[in-house]
């Protein structure tokens, strides 16, 4: 079974710190893939995204998604970090890192985990503009489509 | 057109340094994917891989592969670092980092670039065991198969 | 039974959590949503479109036809937007 | 015309590069490989299986039927194992 490292955190996420431990001291890891999801602000009007989450279930559901990826792809290690609270434009919202012997498994596991995080992890984003709170970000049907890609039997 | 940053280097590759610049000061990047390929030594007998390369063509071919990925996927930035010379087990051989608005393009561009690097970038690996040089690593047919995935018309 | 509300479900109901004792006729998630809507305008407004409301039973995602027998914690929330 | 050799092609030929003037009848990469094999045992041993040899013309990958007219730099090497 793969090694899992899951955390839901209020502090900024450090890519280097989270990935350094993945292959540290190992010589049987051939591939490390990381995905970093950043807070975007294309219009220049966003002050912050406020991420509400379901404490307890957030960690549990991310763990279930990571376990599902580990069962499906030949990966050695999976690390996930997810922010909650206020996140500023340019800051990291989510980090997924996968380590495996061969590259395809690492790529697929990271992509699979992201698709299911989007649709299954209990987080909700509220936009804060300079003028005040402006509403909840709506779920995207493109995320449902992305998840549906993986629906073939394991 | 996407921003490209390509380097073939003799020094160790630093994931954090290479990726920090990708989204630095930007608020329109939503996704960063990195692939790190590491020197493996499963038997515990490898002292180093010696990477021979074709100076000039190595940079040119990696640039062509990155340009091809940029034309095919909606990515903003592509960075590639490739080592040459002696690489010890656990060290990074290659780093590919892609930044885009949405995650699918970043994942696909990084995966595409890796598949073509394996089959098109002019590098050759020689194994050095504790007992001396032990021969050239043979190309894998699985790498040809991986590249063939992308052969459908752009 | 402990109820948790998140995001705009929480805002419309005006509470993050409460403890309730639904009548014995409330057997499924769907029953629970219908019963909650009888509890006042805030609930009616939050749950008026049940298809927009996602449910977790004891921290596992569940469908609206799932039984709530023996469940200790029910969470109601909009479609998730994490990651 | 400058010839470059890499990896085991380099080792078998015993040189990393050389400058040659092939006869006018040598028009394609395939012609060049055949002509090189007449230059001695080392070449014969390195190029005995032409399908194992990859070619770049002026730093672009090329097939064995490609013309070498006007080419300044020809590189011969095994299948690549980068990345």
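Protein chains in written order, with this note's numbering: chain A, 3 to 156; chain B, 3 to 156; chain C, 11 to 93; chain D, 11 to 93.
For every residue, glycine included, the Cβ atom is placed at its ideal position computed from N, Cα and C.
From a predicted model like this one, the values you see are computed outputs, not experimental measurements.
Check	Outcome
When DSSP builds the beta bridges, which residues end up paired with residue 122/B?	Beta-bridge pairing links residue 122/B to no other residue.
Using Cβ-Cβ distances below 7 Å, what residues of the region 29–41 of chain A are close to chain B?	29, 30, 31, 32, 33, 34, 35, 36, 37, 38, 39 and 40
Where do the ends of the beta strand (DSSP E) carrying residue 9/B lie?	5–11
What is the DSSP secondary structure of residue 78/C, counted as helix, strand or coil?	coil
Consult DSSP for residue 155/A and reduce its assignment to one of helix, strand or coil.	Here the model assigns residue 155/A a pLDDT of 48, short of 50, so the residue's position is not dependable, and the following value carries that caveat. Note: residue 155/A maps to coil in three-state DSSP.
At a Cβ cut of 8 Å, what residues of the region 81–97 of chain A count as close to chain C, listed as they run along the chain?	84, 95 and 96
To the nearest angstrom, how far is the alpha carbon of residue 156/B from that of residue 16/C?	Confidence at residue 156/B is low in this model, with a pLDDT of 43, below 50, so the placement of that residue should be treated as unreliable; the coordinate-derived value is given next. Looking at the two C-alpha atoms, the distance is approximately 44 Å.
Pairs of beta-carbons, one from the region 108–117 of chain B and one from the region 63–83 of chain D, closer than 8 Å: are there three or more?	no
Could you list which residues in chain D have their beta carbon closer than 7 Å to that of residue 58/B, in chain order?	69
Output the residue ranges of the beta strand (DSSP E) runs that lie fully inside the region 80–145 of chain B and measure 3 residues or longer, sorted by chain position.	87–89, 94–102, 125–131 and 134–138
Please list the partners that residue 17/B has in chain A, where partner means a Cβ-to-Cβ separation under 7 Å.	18 and 21
Counting Cβ pairs, one atom from each stretch, are 3 or more of them under 8 Å apart for the region 44–60 of chain D and the region 15–33 of chain D?	yes
Is residue 92/B near residue 28/A, with beta carbons less than 8 Å apart?	yes
Assuming residue 31/C and residue 13/C form a contact by the criterion Cβ under 8 Å, report the distance between their Cβ atoms to the nearest whole angstrom.	Going by Cβ atoms, the distance from residue 31/C to residue 13/C rounds to 11 Å, so no, they are not a contact pair.
For the beta strand (DSSP E) that contains residue 15/D, what are its first and last residues?	12–15
Secondary structure at residue 38/C, three-state DSSP: helix, strand or coil?	strand
Would you call the region 50–66 of chain B and the region 81–91 of chain B touching, i.e. three or more CB-CB distances under 8 Å?	yes
Residues of chain D with a CB under 8 Å from the CB of residue 123/B: which are they?	90, 92 and 93
Should residue 102/B be labelled buried (16 or more other beta-carbon atoms within 10 Å of its own) or exposed?	buried
For residue 6/B, collect the residues of the same chain with a Cβ closer than 6 Å to its Cβ; drop the 5 residues on either side in sequence, then sort them by chain order.	68 and 80
Quick one: is residue 146/A buried, meaning 16 or more other Cβ sit within 10 Å of its Cβ, or exposed?	exposed
Please decide whether residue 11/A counts as near chain C, where near means a Cβ-Cβ distance under 8 Å.	no
Give me the subset of the region 99–130 of chain A whose CB atoms are less than 8 Å from a CB atom of chain C, sorted by chain position.	116, 119, 120, 121, 122, 123, 124, 125, 126, 127 and 128
Mark residue 110/A as exposed unless 16 or more other C-beta atoms lie within 10 angstroms of its C-beta, in which case mark it buried.	buried
Give the straight-line distance between the Cα atoms of residue 14/A and residue 143/A, rounded to the nearest whole angstrom.	28 Å
Under 8 Å, Cβ to Cβ, is there at least one residue of chain E near residue 66/D?	The structure shown contains no chain E; its protein chains are A, B, C and D.
Compute the distance between the beta-carbons of residue 87/C and residue 135/A, then report whether it is under 8 Å.	no
Between residue 11/B and residue 100/B, is the Cβ-Cβ spacing less than 8 Å?	no
Helix, strand or coil for residue 147/B? Go by DSSP, reduced to three states.	helix
Taking residue 66/A as the reference, which of 8/A, 46/A and 128/A has the closest Cα?	8/A
In the DSSP assignment, find the unbroken alpha helix (DSSP H) run with residue 68/B in it and report its ends.	59–74
Using CA atoms only, rank isn't needed, just tell me which of 57/D, 49/D, 90/D and 48/D is closest to residue 71/D.	90/D
From the DSSP output, in three-state form, read off residue 42/A for me.	coil
Go ahead and pull the three-state DSSP assignment for residue 78/B.	strand
So, is residue 47/B buried or exposed, given that buried needs 16 or more other C-beta atoms within 10 angstroms?	exposed
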